[in-house]
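Have a look at the structure below, then the notes.
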Amino acid sequence: MSHLDNLIRLRIYNVIESINKTLGSYLSSPPYSSVDIELWVSLQKLFLDFSLKDAGKFILAEEYDLRNYHFEIVRYHYALLDKHDQPQVSYDNAPHHPSLVTFPHHKHFYPKFKHSPVGFSGDLRDALEEIKWMMEFK
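Using the working numbering, the first residue of the sequence shown is number 1114, and each one after it goes up by one.
Rendered as structure tokens:
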């Protein structure tokens, strides 16, 4: 087991804990097992698809690497979908909005053609808090 494997495993457990802490009352059931966690560690990628009570789902994807001796979340995408699997809001770090102060971190509200992308901190906890706020007003 490598140092990177341990860092990825720690990140995965922290992600799951943050989701349970913030959105736990909205989750239908946990969408993972210990086997999934070991697979994600070996792939250096995490993918979670949480069903939300009466509201659709929350999707999370992250890709990890060790760069210059630092653990990095290379890519991420977080999204809240409605009960028809239509996106409501999404957060990512794809480098296609360089004019934003928070580049490459940004979020989209849907439909995209009606809303310009806006800045985002890049912190999963901020996305979860915002999604929790949206869930409380549904």
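Backbone N, C-alpha and C define an ideal beta-carbon position, used for all residues, glycine too.
According to the DSSP secondary-structure assignment, Gly-1169 is paired through a beta bridge with Leu-1165. A straight-line Cα-Cα distance of about 12 Å links Ile-1150 and Asn-1119.
Scanning Ile-1121, Lys-1166, Leu-1237 for the CA closest to the CA of Ser-1142 turns up Lys-1166. Secondary structure note for Lys-1227: it is in no alpha helix (DSSP H), with a DSSP letter that is neither H nor E.
Under DSSP, the beta-bridge partners assigned to His-1190 are Ala-1174, Asp-1205.
By the Cβ-count criterion, Lys-1220 is buried, with 16 or more other Cβ atoms from all chains shown falling within 10 Å of its own Cβ.
Below 8 Å, too few C-beta pairs join the region 1208 to 1217 and the region 1185 to 1198 to call them touching: fewer than three. Asp-1178 counts as exposed, since fewer than 16 other C-beta atoms from the protein chains shown sit within 10 angstroms of its C-beta.
Nearest to Arg-1122 by alpha-carbon distance, out of Ser-1229, Ser-1146, Asp-1236, is Ser-1146. In the structure shown, the three-state DSSP call for His-1219 is strand.
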